[in-house]
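Undergrad: Residue numbers (the working numbering): 11 to 242. Built from N, CA and C at the ideal position, the CB exists for glycine as well. What you are looking at is a predicted structure, and each value in this text was computed from that prediction instead of being measured.
#1: Per DSSP, which residues does residue 77 bridge with? Please list them.
#2: Would you identify the three-state DSSP class for residue 41, choosing helix, strand or coil?
#3: Can you list, in chain order, the residues of its chain whose CB lies under 6 Å from that of residue 91, leaving out five sequence neighbours each side?
#4: Tell me whether residue 160 is buried or exposed, calling it buried when 16 or more other Cβ atoms sit within 10 Å of its Cβ.
#5: Please go through the same chain and pick out, in chain order, the residues whose beta-carbon is closer than 7 Å to the beta-carbon of residue 198, but skip the five residues on each side of it.
#6: Thinking C-alpha only, which one of 233, 130 and 138 is nearest residue 84?
#7: Exposed or buried, residue 190, counting other C-beta atoms within 10 Å across all chains shown (16 or more means buried)?
#8: Please state whether DSSP places residue 179 in a helix, a strand or coil.
#9: Looking at the structure shown, is residue 114 part of a helix, part of a strand, or coil, going by DSSP?
#10: Would you mind sorting residue 76 into buried or exposed? The rule is 16 or more other CB atoms within 10 Å of its CB.
#11: Have a look at 179, 103 and 226 and flag the residue whose alpha-carbon is nearest the alpha-carbon of residue 148.
#12: Take the Cβ of residue 47 as the centre, count every other Cβ of all protein chains shown within 10 Å, and call the residue buried at 16 or more, exposed below.
#13: Could you say which of 123, 80, 136 and 73 lies nearest to residue 116 if we only look at CA atoms?
#14: Say whether the stretch 59 to 73 touches the stretch 131 to 139, bearing in mind that this needs 3 or more beta-carbon pairs closer than 8 Å, one atom from each stretch.
#15: Is DSSP giving residue 161 helix, strand or coil here?
#16: Please report the straight-line C-alpha distance between residue 194 and residue 94, rounded to a whole angstrom.
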């Protein structure tokens, strides 16, 4: 092989290399992916508000923690694991899903919106190493245990017009996420009552420091997802 052929071969190899680099999927941590918006974080959880408009596609991103996914839209989506064929599915508004995505169950994928409505999901990452519950699950009228794991318990709560939910002498750490639009009245320990207009995806903490009161002050039923984390 002469020198000219060698230079040409090197040039071709460089072209192939740069082509592969350009085609290589970008990969970021899920909380750094532009369509996964961090909206809250404490020592136990990080909440990502995921919003993907019609026709848009996320970057390849890495899920690396146990997570609760709360679907706030019914949307047809495509998804693709890294180095795998694309698949499609339809999300169901109000669905609650737990997945252990910590090592060795890491997931690298991308998601795109094939529908005419926004894809809206809350991804609640469980970032604490705390596992296991001391107390038994909550028992209350209108409250149902939907997910029960060592990392998190997830309850559904439905309040009809005028109904209320009261936790007396509460010592649990809870996160309430609204699944419907509505008007609620809340009162926390040592604080006055507060009237709030809620939309799907709104959330608030219920800290374990006394009595908590929640009432449906609107004209329609309102549903919530309540996440209970182990006590620290």
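TA: To lay it out plainly:
#1: 109 and 135
#2: Under the three-state reduction of DSSP output, residue 41 falls in the helix class.
#3: Cβ neighbours of residue 91 beyond the five flanking positions: 119.
#4: exposed
#5: 222
#6: Checking every option, the nearest Cα to that of residue 84 belongs to 130.
#7: Here residue 190 is buried, its C-beta having at least 16 other C-beta atoms within 10 Å.
#8: strand
#9: In the three-state DSSP reduction, residue 114 falls in the coil class, being neither helix nor strand.
#10: buried
#11: Residue 148 has its Cα closest to that of 179, out of 179, 103 and 226.
#12: exposed
#13: When each option's Cα is compared against that of residue 116, the closest is 73.
#14: yes
#15: coil
#16: 45 Å
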